[in-house]
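Participant:
Protein chains in written order, with our numbering: chain G, 791 to 901; chain V, 76 to 187.
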């Protein structure tokens, strides 16, 4: 069983707030780190896939960083909007395995 | 074509029925996945096919039987399901673990 932890489990912010959450994973045998945005009853939507220590990727107001030596990735959302409300899933598949998601961080943005 | 197509979108079946879910992609991806998603929980991995061979079976009951007839098609055969098997079944494909996965829209299965 892959030990993936996402924190916090849920959070609630006001429109315009910036926020961030964490995905922690074993640093040994690292291969790649995936972030997905998921709304209930819909399919997960890929945000980022990162492979190199120190990687930083950005898509609009959302960005992510990766530290493979200490085994964590941060996802940042700048100026949260109600449409950002979703569950954010990470998956750090070691080589030869598959995408197994963490339990996610559920973000709720109030207008 | 960057789509993963799943059919049917909805399925209602009795506990004695046999049915199949279908997943198709034409992106040349050699890894295809089945996930089960219930209630408000994230998708749970069921099976992985890599180069048309079953590479991972996450201890799924034998009433679920996957099949990969070719590199574009993935089926999930269902037989003697239980009401607790009612869920959204998602298919995904990816060229590799270091690239993003593409998900289908899912089949909403209800077992009565």
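Each residue gets a CB set at the ideal place from its N, CA and C atoms; glycine is no exception. Here the structure is a predicted model, which means the values were calculated and not measured.
Please report the residue range of the beta strand (DSSP E) in which residue 836 (chain G) lies.
Facilitator: 835 to 840
Participant: Pick out the complete beta strand (DSSP E) segments inside the region 137 to 176 of chain V, 3 residues or longer, and give them in chain order.
Facilitator: With a minimum length of 3 residues, the continuous beta strand (DSSP E) runs that stay inside the region 137 to 176 of chain V are 139 to 145, 148 to 154, 162 to 169.
Participant: Report the three-state DSSP secondary structure of residue 795 (chain G) (helix, strand or coil).
Facilitator: strand
Participant: Quick one: what does DSSP say residue 781 (chain G) is sitting in, helix, strand or coil?
Facilitator: Nothing about residue 781 (chain G) can be reported from this structure: the residues present for chain G run from 791 to 901 only.
Participant: Counting only the same chain and skipping the five closest in sequence on each side, list residues whose C-beta sits under 8 Å from that of residue 741 (chain G).
Facilitator: An answer regarding residue 741 (chain G) cannot be provided, because it is not within the stretch 791 to 901 covered by chain G.
Participant: If residue 141 (chain V) and residue 149 (chain V) are in contact, beta carbons under 8 Å, what's the gap, nearest whole angstrom?
Facilitator: 7 Å
Participant: Answer yes or no: do residue 845 (chain G) and residue 837 (chain G) have a C-beta to C-beta separation smaller than 7 Å?
Facilitator: No, the pair does not count as a contact, with Cβ atoms beyond the cut-off.
Participant: Ignore the nearest five residues each way along the sequence and tell me which others in residue 89 (chain V)'s own chain have a CB closer than 7 Å to its CB.
Facilitator: 187
Participant: Among residues of its own chain, excluding the 5 on either side of residue 183 (chain V), which ones have a beta-carbon nearer than 6 Å to its beta-carbon?
Facilitator: Once the five neighbours on either side are set aside, the close Cβ partners of residue 183 (chain V) are 85, 163.
Participant: Name, please, each residue of chain G whose Cβ falls closer than 7 Å to the Cβ of residue 115 (chain V).
Facilitator: 830
Participant: Write down the C-beta distance between residue 794 (chain G) and residue 892 (chain G) rounded to the nearest angstrom, noting that I regard them as a contact closer than 8 Å.
Facilitator: 4 Å
Participant: Does the Cβ of residue 175 (chain V) have 16 or more other Cβ atoms within 10 Å, making it buried, or fewer, making it exposed?
Facilitator: Answer is buried; the Cβ neighbour count reaches 16.
Participant: First and last residue of the beta strand (DSSP E) that includes residue 898 (chain G)?
Facilitator: 895 to 900
Participant: Less than 8 Å between the CB atoms is what I'm expecting for residue 895 (chain G) and residue 801 (chain G), so what's the real figure, rounded?
Facilitator: 7 Å
Participant: Checking 7 Å against the spacing of the C-beta atoms, do residue 156 (chain V) and residue 181 (chain V) come in under that value?
Facilitator: no
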